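Everything on this sheet refers to the single structure shown next.
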Amino acid sequence: MRYSQTFPKTIKQVPAGADSINHQLLVRGGYMDQLMAGSWTLLPLGWRVVSKINDIIREELNVTGALEMLMPLLHPRDIWDQTGRWSDPDVKEIMYQFKDIRGKELGLSFTHEEIVMNLLGKYIHSYKDLPVKIYHFSTKFRNEPRAKSGILRGREFLMKDLYSAHVSKEDLQQYFQQVKEAYLRIFKKMELEARVVDASGGIFTDSFTQEFQVVSPVGEDNILICESCDFAANIEVSQVKEGEKCPRCKGEIKMVNSIEAGHIFTLGTKYAKNMGVFFLDEQNKKQDLWFGSYGIGVSRLVGVLVEIFHDDKGIIWPESVAPYIIHLVGLGLEEQGVKNKAEEVYQKLQDKGVEVLYDDRIGVSAGEKFADADLIGIPLRVVVSRKTHSASSGQAEDKLEIKRRGEEKVELVTLEELLKEIEK
RNA sequence: CGGGGUGUAGUUCAUCGGCAGAACGUCCGGUUUGGGACCGGAAAGUAGGAGGUUCAAUUCCUCUCACCCCGACCA
Numbered sequence: 043m044r045y046s047q048t049f050p051k052t053i054k055q056v057p058a059g060a061d062s063i064n065h066q067l068l069v070r071g072g073y074m075d076q077l078m079a080g081s082w083t084l085l086p087l088g089w090r091v092v093s094k095i096n097d098i099i100r101e102e103l104n105v106t107g108a109l110e111m112l113m114p115l116l117h118p119r120d121i122w123d124q125t126g127r128w129s130d131p132d133v134k135e136i137m138y139q140f141k142d143i144r145g146k147e148l149g150l151s152f153t154h155e156e157i158v159m160n161l162l163g164k165y166i167h168s169y170k171d172l173p174v175k176i177y178h179f180s181t182k183f184r185n186e187p188r189a190k191s192g193i194l195r196g197r198e199f200l201m202k203d204l205y206s207a208h209v210s211k212e213d214l215q216q217y218f219q220q221v222k223e224a225y226l227r228i229f230k231k232m233e234l235e236a237r238v239v240d241a242s243g244g245i246f247t248d249s250f251t252q253e254f255q256v257v258s259p260v261g262e263d264n265i266l267i268c269e270s271c272d273f274a275a276n277i278e279v280s281q282v283k284e285g286e287k288c289p290r291c292k293g294e295i296k297m298v299n300s301i302e303a304g305h306i307f308t309l310g311t312k313y314a315k316n317m318g319v320f321f322l323d324e325q326n327k328k329q330d331l332w333f334g335s336y337g338i339g340v341s342r343l344v345g346v347l348v349e350i351f352h353d354d355k356g357i358i359w360p361e362s363v364a365p366y367i368i369h370l371v372g373l374g375l376e377e378q379g380v381k382n383k384a385e386e387v388y389q390k391l392q393d394k395g396v397e398v399l400y401d402d403r404i405g406v407s408a409g410e411k412f413a414d415a416d417l418i419g420i421p422l423r424v425v426v427s428r429k430t431h432s433a434s435s436g437q438a439e440d441k442l443e444i445k446r447r448g449e450e451k452v453e454l455v456t457l458e459e460l461l462k463e464i465e466k
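Numbering-wise, the first sequence is residues 43 to 466 according to the working numbering.
Listed below in structure tokens is the structure:
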């Protein structure tokens, strides 16, 4: 992508009222734009990051045998009445409910348990049809009393939600573990250290749930973590107190702020019972479905990543989620020889399938281009300039200057060496 | 939903009863070209909205809307 053709460009000044780092850097870098409180446009750069995250999630969930699909966001009241959640006061606080012009009562999706269960009821008849593992990426609407912290808590956000239905508690629990491991791999691929904690099921369930918490000072949750092992517990439900010894390894327990990045639920048979969804077992006996749901806040993760991976100049994306892999900076492109060289490098990288953002702007100073590169935070910066181009510099061989975002070290390599480096 | 803060040029902010200001950005011309470079010129405003006080309101008062922060709540 040519930077001259991207929309929008970076912003130098910090937006008014933007206190949180993710708000500042994502807006300044041209990743997102605020429509209203808790509601954001994911701009082209931001959408690329979302797509990277989704790809990682998709890859790992597919390993568990889950199937991707897409469900509607506009839900009729009657399906929600079957579990009683439409009228639950706690649900009413966060679910957008309204009537359409014909007087039909509708809600905007804040989750999909009822919708999935309704779907399962239509197609699941026998134990032979189970298990079912289905997921989608879509928008969730939650009427937050207070949207805040940039993209971390919105009224409308992107989520991956997975639902599974099973013949037995054991089968559900076994899959729950499988998803948990997939989630840990997902966060690890994004270079996030996620702690698994027992948690409260809130308006979803009374039964066992677990959260994936990423330690960060901006987090709204407080968790207790062990400094010696991976033990962690949410203070909402924890038996352990700060200052006590870790129940697992006797290490020091301390309290830290953290952000909930994922939450997985064993929902039991409650939803199936309430909605009359059953299957016939080998003895031709009616059995209730065992149900679970599993969520990852995708757009929130974009913010979490920025909160964790940044410095005073901008974002430092982990390579797995970066919008582009290379930020090619052309300096002094007014000089035809340098421009030709930069264009050639851009073309060759593209031909190799490398995702590259090429700053091809004419008449923009080096300082500005470097500042933009630091702000945008692409992992590898490659500079072509009079200094690196042999026809101008008198060097025997054309070199490219490469520098990793977040490091000071600068290296000169040939294009061939760069391509070889990327292969790895 | 309770408490607090802020709304003035595209953006960030000054001004504070008496003709609407700066910086950055943008546009034009020129000089520059390795860390947001410089010179000259230009365009750009219903001071969030409504009402009130006053000879006069961006400025004071009331209401309202929006955004941000703290709390409550929550994935």
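Where a beta carbon is used, it is the ideal one built from N, C-alpha and C, also for glycine. Keep in mind the model is a prediction, meaning the values are calculated, not measured.
Residue i, enclosing beta strand (DSSP E) - first and last residue
{"i": "His305", "result": "Ile295 to Gly310"}
{"i": "Gln281", "result": "First-last for Gln281: undefined, no H or E at that position."}
{"i": "Met78", "result": "Met74 to Met78"}
{"i": "Gly334", "result": "Trp332 to Gly339"}
{"i": "Ala521", "result": "No information on residue 521 is available, as it lies outside the stretch 43 to 466 that the chain covers here."}
{"i": "Gly149", "result": "Glu147 to Leu150"}
{"i": "Lys202", "result": "Glu198 to His208"}
{"i": "Pro118", "result": "Leu116 to Pro118"}
{"i": "Glu453", "result": "Val452 to Val455"}
{"i": "Glu324", "result": "Unbroken run through Glu324: none, as it is neither H nor E."}
{"i": "Glu443", "result": "Leu442 to Arg446"}
Of the residues the options, the one placed nearest residue i, counting alpha carbons only
{"i": "Glu361", "options": "Ala275, Arg423 and His117", "result": "Arg423"}
{"i": "Asp263", "options": "Ala275, Glu269 and Cys271", "result": "Ala275"}
{"i": "Val174", "options": "Asp123, Met111, Glu147 and Val260", "result": "Met111"}
{"i": "Ala25", "options": "Ser62, Glu102, Phe179 and Leu370", "result": "Limits of the chain in this structure are 43 at one end and 466 at the other, which puts residue 25 out of reach."}
{"i": "Phe140", "options": "Asp75, Val279, Leu87 and Asn185", "result": "Asn185"}
{"i": "Leu343", "options": "Gly261, Leu162 and Tyr205", "result": "Gly261"}
{"i": "Lys231", "options": "Asp97, Lys182 and Pro421", "result": "Asp97"}
{"i": "His154", "options": "Tyr400, Asp414 and Ser335", "result": "Ser335"}
{"i": "Glu443", "options": "Gly345, Gln215 and Phe412", "result": "Phe412"}
{"i": "Ser242", "options": "Lys202, Glu302 and Leu194", "result": "Glu302"}
{"i": "Met78", "options": "Ser93, Gly59 and Leu67", "result": "Gly59"}
{"i": "Ile136", "options": "Gln124, Ser151, Thr125 and Asp123", "result": "Ser151"}
{"i": "Lys296", "options": "Ala384, Leu266, Ala314 and Val319", "result": "Leu266"}
{"i": "Leu347", "options": "Trp82, Gly192, Val105 and Gly107", "result": "Gly192"}
{"i": "Glu463", "options": "Lys394, Lys429, Thr430 and Gly419", "result": "Lys394"}
{"i": "Leu214", "options": "Thr181, Asn316, Thr125 and Thr106", "result": "Thr106"}
{"i": "Leu194", "options": "Met317, Leu204, Ser93 and Asn64", "result": "Asn64"}
{"i": "Gln216", "options": "Ser341, Thr308, His369 and Leu68", "result": "Thr308"}
{"i": "Val279", "options": "Asp240, Phe351, Leu67 and Met74", "result": "Asp240"}
Check whether residue i and residue j have beta carbons under 8 Å apart
{"i": "Gly337", "j": "Glu198", "result": "no"}
{"i": "His117", "j": "Gly145", "result": "no"}
{"i": "Tyr225", "j": "Gly304", "result": "yes"}
{"i": "Ala293", "j": "Asp353", "result": "It should be pointed out that residue 293 corresponds to Gly in this sequence rather than to Ala. No. Outside cutoff."}
{"i": "Glu156", "j": "Ile121", "result": "yes"}
{"i": "Gln252", "j": "Ser300", "result": "no"}
{"i": "Ile306", "j": "Val221", "result": "yes"}
{"i": "Asp402", "j": "Arg44", "result": "yes"}
{"i": "Gly72", "j": "Pro50", "result": "yes"}
{"i": "Glu349", "j": "Ile228", "result": "no"}
{"i": "Leu87", "j": "Pro365", "result": "yes"}
{"i": "Met159", "j": "Tyr313", "result": "yes"}
{"i": "Leu417", "j": "Arg119", "result": "no"}
{"i": "Phe218", "j": "Val340", "result": "no"}
{"i": "Val396", "j": "Ile357", "result": "no"}
{"i": "Thr52", "j": "Asp414", "result": "yes"}
{"i": "Tyr398", "j": "Leu391", "result": "Correcting the residue identity first, residue 398 is Val in this sequence and not Tyr. Yes, Cβ-Cβ distance for Val398 and Leu391 is below 8 Å."}
{"i": "Met317", "j": "Gly163", "result": "yes"}
{"i": "Asp75", "j": "Leu85", "result": "yes"}
Span of the alpha helix (DSSP H) around residue i
{"i": "Tyr177", "result": "Note, Tyr177: premise wrong, no alpha helix (DSSP H); beta strand (DSSP E) at Val174 to Phe183."}
{"i": "Glu155", "result": "Glu155 to Tyr165"}
{"i": "Gln219", "result": "Lys211 to Lys231"}
{"i": "Ser93", "result": "Pro86 to Val105"}
{"i": "Glu135", "result": "Pro131 to Ile136"}
Contact test: residue i Cβ vs the ligand PLP heavy atom, cutoff 7 Å
{"i": "Val387", "result": "Ligands in the displayed structure: none, and consequently the ligand PLP is not present."}
For the 8 Å Cβ check, are there 3 or more pairs between the stretch 374–382 and the stretch 452–461?
Cβ pair count under 8 Å is below three, so no.
When you compare the stretch 280–291 with the stretch 244–263, are there three or more beta-carbon pairs, one atom per stretch, that lie closer than 8 Å?
Verdict: no, contact absent.
Quick test of the definition: if touching needs 3 or more C-beta pairs under 8 Å, does the stretch 121–133 touch the stretch 198–207?
With the cut-off at 8 Å, the stretch 121–133 and the stretch 198–207 do not touch.
Counting pairs of beta carbons, one from the stretch 161–173 and one from the stretch 207–227, are three or more of them closer than 8 Å?
Yes, the stretch 161–173 touches the stretch 207–227.
Does the stretch 316–336 touch the stretch 396–407, meaning 3 or more C-beta pairs lie closer than 8 Å?
Flag = no, the stretch 396–407 and the stretch 316–336 do not touch.
Meets three-Cβ-pair contact criterion under 8 Å: the stretch 265–283 and the stretch 231–242:
A contact exists between the stretch 265–283 and the stretch 231–242.
Give, in chain order, every unbroken run of the alpha helix (DSSP H) that is at least 4 residues long and sits entirely within the stretch 361–402.
Runs of the alpha helix (DSSP H) lying entirely within the stretch 361–402 and spanning at least 4 residues, in chain order: 378–393.
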